[in-house]
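Written out below as structure tokens is the structure these notes cover.
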């Protein structure tokens, strides 16, 4: 079928390619023409605007940086609303990570134009996008979800309809609480071990078999020990996601102590110029603040 | 062989029983005679003091509440030091959770009496003790460790020599950072979902397959959804363990933001009378503080 995809960055590019490799006819638009190069070899059509993409494809995915970008490519000038009227039943699927309130608002405004909407943010990072192993968390109606599900399954290994519009973004926010706090806690524990004069690799090994086990301890913990701070998932992106979490907490009157502490650590990472490193580089921040001198293989 | 075991509480009792069931001759002492009842059916000898236990058995395990208790039964009046001289090569293995500094200190003082010492705290709780699936984290010399290892393997499914004396307690402290912060983060995330009007069970389900996976999310998360706050691992014990962590952090000049936030939550649990509930009851604390009213199936 004809599928539109808007937002061909590190995540969007491999995700769209999986749809093309599954035999779908891609319709693309990108602000930077360079983003389109990988699509020269597949069945992909390039257009001058998001509106034109929407005119060609009844389902359009968006994968952009933040809520204003989603609003722009969907509802703005030259946006999806200007082309979607060509279809009996157009669908927009936003896979960006934006605030739940923004997703609900965009969904409502698209509905006024007769356009169905799913919020479907992902977890799993660039490698998950490349290997089509993303976790996809969806908000919207079951009917629209079932229609899009075969396409989700080309991009991810686990897709869950969490609830109504916005519920995908709520699940993503929860996911970022657990991964953010998880990274902070593993970094704190490994630094605690080092500073106590104990081999953090042995401590991690001892903990892996028990109730302290987490995917973060296994994979990110190993990368911390290897001092491999290459992203992965950049600190500024995790900071951005925790801003969404803390803004929602403020709006709802919710106390999130461990998430708040972690958000402060990520703020300090940005402030000390570590934004482009993986969020696991929070270990280096903790080391610096604990006055432990060590030779860093990856300074 | 003859094995001593001192401290027959919820954890120590099933641990000692596994040693007896493996064919060892148990030598026991307990402050409360009721603790000895389960040993009527096995090859166990009851003594009037820890000293007498140590006179009979060259290896004595201790599993008591806190550092002063360990010091008392090892070095105090009627303690292990008074009986251990009967053996060529006595060994004390403390499986309690105490500060690393206390473990190092007790090890040093026992060495002055010619007694070898391992600190070997465990993770896995009462069910781990009953099912012999504990994670055992050991500090001491490789030689003594190898001698005791066959006994550890009757009580746990994973035993790791982490480093020198005190290293077992350091690993346990790290373990309690990860499990404590993990419980807080999962409670924060599930409460965030509920308060956002989204089914927390669906959110947990969506997250389980990805990088947010943890043993805490899977098992404790499910118990939170079931509103099953029966211990398990009591809040006051987790609070005690985080006190050890935060005291060490203070001593070492270490910043532990997520652990500190979690320690405050556990303090609030004690302060609001939740000390005897499982530490996952922190969810109820967060719910109360977010003003969400709900009917609790397990009030």
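Protein chains in written order, with our numbering: chain A, 1 to 299; chain B, 1 to 299.
Heads up, the beta-carbon is just placed ideally off N, CA and C, and yes, glycines get one too.
Under 8 Å, with one C-beta from each stretch per pair, do the stretch 203 to 217 of chain A and the stretch 247 to 261 of chain A reach the 3-pair mark? Touching, no.
Span separating the alpha-carbon of residue 237(A) from that of residue 122(B): Taking the straight line from one Cα to the other gives about 37 Å.
Cross-chain neighbours of residue 195(B) in chain A, by beta carbon under 7 Å: By Cβ distance, chain A contributes 252, 254.
I'd like to know whether the C-beta of residue 203(A) is nearer than 8 Å to at least one C-beta of chain B. Answer yes: the Cβ-Cβ gap between residue 203(A) and chain B drops below 8 Å somewhere.
Give the single residue among 120(A), 78(A), 142(A), 102(A) whose Cα lies nearest to the Cα of residue 93(A). Residue 120(A) is the option with its Cα nearest to residue 93(A).
Please list the partners that residue 124(B) has in chain A, where partner means a Cβ-to-Cβ separation under 9 Å. Simply 210, 211.
Per the contact definition of three or more C-beta pairs closer than 8 Å, is the stretch 229 to 246 of chain B in contact with the stretch 271 to 278 of chain B? Flag = yes, the stretch 271 to 278 of chain B and the stretch 229 to 246 of chain B touch.
Since residue 159(A) sits in a beta bridge, which residues does DSSP pair it with? BP columns for residue 159(A) point to 136(A).
Ignore the nearest five residues each way along the sequence and tell me which others in residue 188(A)'s own chain have a CB closer than 7 Å to its CB. Hits under 7 Å: 286.
If you measure between the beta carbons of residue 184(A) and residue 282(A), is that distance less than 8 Å? For residue 184(A) and residue 282(A), yes; Cβs fall inside 8 Å.
Within the present structure, is the beta-carbon of residue 52(B) separated from the nearest heavy atom of the ligand FMN by less than 7 Å? Ligands in the displayed structure: none, and consequently the ligand FMN is not present.
Quick one: what's residue 28(A) bridged to in DSSP? For residue 28(A), which the question treats as bridged, DSSP gives the partners 5(A), 46(A).
Quick check on DSSP: helix, strand or coil for residue 62(A)? When secondary structure is reduced to three states using DSSP, residue 62(A) falls in the strand class.
Completely contained alpha helix (DSSP H) runs for the stretch 85 to 134 of chain A, where each covers 4 or more residues: For secondary structure counted as the alpha helix (DSSP H) over 4 or more consecutive residues, the stretch 85 to 134 of chain A holds these complete runs in sequence order: 100 to 111, 125 to 130.
What does a CB cutoff of less than 6 Å around residue 158(B) pick up in its chain, not counting 5 residues either side in sequence? Closer than 6 Å at Cβ, skipping near neighbours: 135.
Run down chain B in chain order and give the residues with a C-beta less than 7 Å from the C-beta of residue 177(A). Chain B residues near residue 177(A): 185, 188, 189, 192.
Distance CB(residue 181(B))-CB(residue 259(B)) smaller than 8 Å: A contact, by the Cβ cut-off of 8 Å.
In the DSSP output, which residue or residues are listed as bridge partners for residue 278(A)? Looking at the DSSP output, residue 278(A) sits in a beta bridge with 234(A).
Helix, strand or coil for residue 211(A) per DSSP? In the structure shown, the three-state DSSP call for residue 211(A) is coil.
In the DSSP assignment, find the alpha helix (DSSP H) that holds residue 194(A) and state where it starts and stops. 167 to 195 is the extent of the alpha helix (DSSP H) around residue 194(A).
Locate the alpha helix (DSSP H) running through residue 300(B), then write down its first and last residues. With chain B covering only 1 through 299, there is no way to say anything about residue 300(B).
Step through the CB atoms of chain A and report whether any lies within less than 8 Å of the CB of residue 264(B). Yes, because at least one Cβ of chain A sits closer than 8 Å to the Cβ of residue 264(B).
Nearest to residue 25(B) by CA position, among 35(B), 38(B), 5(B), 247(B), is which residue? Selected option, being the one with the closest Cα: 5(B).
Cβ distance (whole Å) where residue 72(A) is taken to contact residue 27(A) below 8 Å: Not really, about 18 Å apart at Cβ, beyond 8 Å.
Just the C-alpha distance for residue 186(B) and residue 81(B), rounded to the nearest angstrom, thanks. Their Cα atoms are separated by approximately 45 Å.
For residue 234(B), the nearest candidate out of 58(B), 279(B), 50(B), 132(B) (CA to CA): The shortest C-alpha separation from residue 234(B) is found at 279(B).
If contacts are defined as beta-carbon pairs under 8 Å, then residue 139(B) and residue 169(B) qualify, I think. What distance do you get, rounded to the angstrom? Between residue 169(B) and residue 139(B) the Cβ distance is about 7 Å, and since that is below 8 Å, they are a contact.
With DSSP as the reference, label residue 198(A) as helix, strand or coil. Coil at residue 198(A), not helix or strand.
Report the three-state DSSP secondary structure of residue 267(B) (helix, strand or coil). Three-state result, residue 267(B): helix.
Would the beta-carbon of residue 15(A) fall within 8 Å of that of residue 129(A)? Taking 8 Å as the Cβ cut-off, residue 15(A) and residue 129(A) qualify as a contacting pair.
Taking C-alpha atoms, which residue in 290(A), 38(A), 107(A) lies nearest to residue 194(A)? Out of 290(A), 38(A), 107(A), 290(A) has the C-alpha closest to the C-alpha of residue 194(A).
Just checking: is the beta-carbon of residue 107(B) within a distance shorter than 8 Å of some beta-carbon in chain A? No - not a single Cβ of chain A is within 8 Å of the one on residue 107(B).
Give me the Cα-Cα distance between residue 131(B) and residue 13(B), rounded to the nearest whole angstrom. So the alpha carbons of these two residues sit roughly 12 Å apart.
Could you check the C-alpha separation between residue 214(A) and residue 222(B) for me, to the nearest Å? Going by the C-alpha atoms only, they are around 16 Å apart.
Chain B beta carbons: is any one of them nearer than 8 Å to that of residue 36(A)? It does not: the Cβ of residue 36(A) has no partner Cβ on chain B nearer than 8 Å.
Would you identify the three-state DSSP class for residue 14(B), choosing helix, strand or coil? Helix.
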